[in-house]
Amino acid sequence: MIRLTPEIAMRIQRTLGSNIQMVLDECTHYPASKDEAMLSMKRSEQWALRSFESYEDLKQGSDSEIFWGLSKVECMET
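Per numbering that gives the first Met the number 0, the sequence shown runs over residues 0 to 77.
Okay, here's the thing in structure tokens:
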């Protein structure tokens with residue numbers, strides 16, 4: 000089994016010279032309950048924060064790079 004953390008994902012993408020680096024996101028099943036959707040959103044939010052912190056550590060003072068954040072949308076039972 001390979002453990003892929005937000006920090007490892009950022010490091011791999013930097014090593015590959017990726018122009019656009021993506022953060023990890025949990026893909027929930029459909030339909031998800033409100034509690035499942037909230038838990039998934041919080042996990043993705045924590046991963047995004049860790050990814051940003053790793054990105055900041057790895058960019059080595061370059062101001063020419065931009066970090067974009069995208070918000071996820073969950074489909075849940077009503």
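Quick reminder that beta carbons are idealized off the backbone N, C-alpha and C, glycines included.
Sequence-distant residues of its chain with Cβ nearer than 7 angstroms to residue i (five each side left out)
i	result
proline 5	Val22, Leu23, Trp46, Arg49, Ser50, Ser53
threonine 27	Glu35, Ala36, Ser39, Glu73
Within 7 angstroms, strictly: CB atoms of residue i and residue j
i	j	result
serine 43	glutamate 25	yes
Among the options, the one whose alpha carbon lies nearest that of residue i
i	options	result
glutamine 59	Ala36, Arg13, Gln20	Arg13
glutamine 20	Ala31, His28, Thr27, Ile7	Ile7
Residues near residue i by beta carbon distance below 8 angstroms, same chain, minus five either side
i	result
arginine 10	Ser53, Leu57
leucine 3	Leu23
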